[in-house]
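Trainee: Below is the structure I would like to discuss, written out as structure tokens.
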């Protein structure tokens, strides 16, 4: 039987109780009883291949060294996965809680990976700033609105669509009982391809995958609607 022990615990004004737990050979970041990130202490990432962090990268086509924007850091599981699958040439992370940032750097192996641009604040504020600066990314992962309804999550998704490079992708992590289908339907006007990917039958995660953003014409309407392709995969 695997034994668990708490190696670090603190409280955040934004997230409440935060714990770092070692469960056998796996380190976990726990926030209010929920697992935000995992990190294999023995270097064996095979179990993570079944989880949404890995599936989010495997579900889309990426260039060998993509530019990456991650919304939500957690313990940095997505960073480590990207390093193994595609070594990003540029990695930008938006994380609103500085406590999470410090924990990830101390307990989850991020100091070994230099050259990361950390932007600390609300994604709803930072993402429009990146759009005004005309930043573009080949892979964007939104992991901050897991259980939000489409009315709250769609405005941010629309801004993120403007940050995707011409051949880039946006992946949004959602709960399977949430508004993933409605969010996907709303984003079809902004991307040439939109599809849903269920992580696995017993998991709660559904990935909304959006590829090849449509650029607005002079009237502000998305161009190229006649060539729209739609995919649904669960």
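Numbering (the numbering used here), first residue to last: 323 to 556. Virtual Cβ for every residue (Gly too), placed ideally from N, Cα, C.
If you count every other CB in all the chains shown that lies within 10 Å of the CB of residue 349, and 16 or more means buried, which is it?
Mentor: Translated into positions along the chain shown, residue 349 becomes position 27. Buried is the call here.
Trainee: Taking the alpha-carbon positions, what's the residue 422 to residue 396 distance?
Mentor: Against the chain shown, residue 422 aligns to sequence position 100. Against the chain shown, residue 396 aligns to sequence position 74. Computed Cα separation, rounded: 6 angstroms.
Trainee: Pick helix, strand or coil for residue 393, following the three-state DSSP scheme.
Mentor: As a working note, residue 393 is residue 71 in the chain shown. The answer is strand: DSSP assigns residue 393 an E or B state.
Trainee: Where does residue 456 land, buried or exposed, given buried means 16+ other C-beta within 10 angstroms?
Mentor: Here residue 456 is taken as the residue at index 134 of the chain shown, counted from 1. Classification for residue 456: exposed.
Trainee: Below 8 angstroms, can you find three or more Cβ-Cβ pairs linking the segment 517 to 533 to the segment 494 to 501?
Mentor: The segment 517 to 533, when compared against the segment 494 to 501, does touch it at the 8 angstroms Cβ threshold.
Trainee: Which two residues bound the contiguous beta strand (DSSP E) that contains residue 487?
Mentor: For this step, residue 487 is matched to residue 165 along the chain shown. Element bounds for residue 487: 486 to 497.
Trainee: Please confirm if the segment 388 to 406 is in contact with the segment 418 to 433, defined as three or more CB-CB distances below 8 angstroms between the two stretches.
Mentor: Output reads yes: the segment 418 to 433 touches the segment 388 to 406.
Trainee: Inspect the CB distances between the segment 362 to 375 and the segment 325 to 334 and report whether three or more fall short of 8 angstroms.
Mentor: No, because fewer than three Cβ pairs between the segment 362 to 375 and the segment 325 to 334 fall closer than 8 angstroms, the two stretches do not touch.
Trainee: Give the straight-line distance between the Cα atoms of residue 364 and residue 534, rounded to the nearest whole angstrom.
Mentor: Within the chain shown, residue 364 is the residue found at index 42, counting from 1. Within the chain shown, residue 534 is the residue found at index 212, counting from 1. The straight-line gap from Cα to Cα measures roughly 38 angstroms.
Trainee: So what's residue 378 in DSSP terms, helix, strand or just coil?
Mentor: Your numbering for residue 378 matches position 56 in the chain shown. In this structure, residue 378 counts as helix in the three-state DSSP scheme.
Trainee: Taking contact to mean 3 or more Cβ pairs, one atom from each stretch, closer than 8 angstroms, check whether the segment 378 to 389 and the segment 410 to 420 are in contact.
Mentor: Because the criterion of three Cβ pairs below 8 angstroms is met, the segment 378 to 389 and the segment 410 to 420 touch.
Trainee: What are the start and end residues of the alpha helix (DSSP H) that includes residue 504?
Mentor: In the chain shown, the residue the question calls residue 504 occupies position 182. Note, residue 504: alpha helix (DSSP H), 502 to 509.
Trainee: Going straight from the alpha carbon of residue 427 to that of residue 438, what length do you get?
Mentor: Taking the chain shown and counting its residues from 1, one reaches residue 427 at position 105. Taking the chain shown and counting its residues from 1, one reaches residue 438 at position 116. Rounded to the nearest angstrom, the two C-alpha atoms are 11 angstroms apart.
Trainee: Please determine, among 472, 480 and 442, the residue with the shortest C-alpha to C-alpha distance to residue 450.
Mentor: Counting from 1 along the chain shown, the entry for residue 450 is found at position 128. Here the closest residue by C-alpha is 480.
Trainee: Smallest Cα separation from residue 520: which of 458, 377, 401 and 510?
Mentor: Stepping through the chain shown from its first residue, residue 520 is reached at position 198. Closest option to residue 520, Cα to Cα, is 377.
Trainee: Taking just the CA atoms, how far does residue 522 sit from residue 352?
Mentor: Here residue 352 refers to the residue found at position 30 of the chain shown. Here residue 522 refers to the residue found at position 200 of the chain shown. Cα to Cα, the separation comes out at about 22 angstroms.
Trainee: Might you give, ordered along the chain, the residues of its own chain that have their beta carbon closer than 6 angstroms to the beta carbon of residue 441, omitting 5 neighbours on each side?
Mentor: Along the chain shown, one-based indexing puts residue 441 at 119. So the qualifying residues of the chain are 416 and 448.
Trainee: Going along the chain, which residues of its own chain have a beta-carbon closer than 6 angstroms to the beta-carbon of residue 532, five neighbours each way excluded?
Mentor: In the chain shown, counting from the first residue as 1, residue 532 sits at position 210. Closer than 6 angstroms at Cβ, skipping near neighbours: 492, 509, 513 and 516.
Trainee: Using DSSP with H/G/I as helix, E/B as strand and the rest coil, what is residue 412?
Mentor: The residue labelled residue 412 in the question sits at position 90 within the chain shown. Looking at residue 412 - three-state DSSP - the assignment turns out to be strand.
Trainee: Within a Cβ cutoff of 7 angstroms, which residues of the same chain sit near residue 469, ignoring the five residues on either side of it in sequence?
Mentor: What you label residue 469 is simply residue 147 of the chain shown in a count that begins at 1. So the qualifying residues of the chain are 497 and 500.
Trainee: Could you check which residue in 361, 484, 341 and 381 has the C-alpha nearest to that of residue 355?
Mentor: In the chain shown, the residue the question calls residue 355 occupies position 33. Comparing Cα-Cα distances from residue 355 to each of 361, 484, 341 and 381, the minimum goes to 341.
Trainee: Reducing DSSP to helix, strand and coil, say where residue 350 ends up.
Mentor: Here the question's residue 350 lines up with position 28 in the chain shown. Residue 350 falls in the strand class under three-state DSSP.
Trainee: Hey, would you say residue 445 sits closer than 7 angstroms to residue 466, going by beta carbons?
Mentor: Your numbering for residue 445 matches position 123 in the chain shown. Your numbering for residue 466 matches position 144 in the chain shown. The answer is yes: Cβ separation under 7 angstroms.
Trainee: Apart from the five residues on each side of it in sequence, which residues of its chain come closer than 6 angstroms, Cβ to Cβ, to residue 471?
Mentor: Taking the first residue of the chain shown as position 1, residue 471 is located at position 149. So the qualifying residues of the chain are 501.
Trainee: Using a threshold of 7 angstroms, state whether the C-beta atoms of residue 443 and residue 418 are closer than that.
Mentor: Translated into positions along the chain shown, residue 443 becomes position 121. Translated into positions along the chain shown, residue 418 becomes position 96. Closer than 7 angstroms, so yes.
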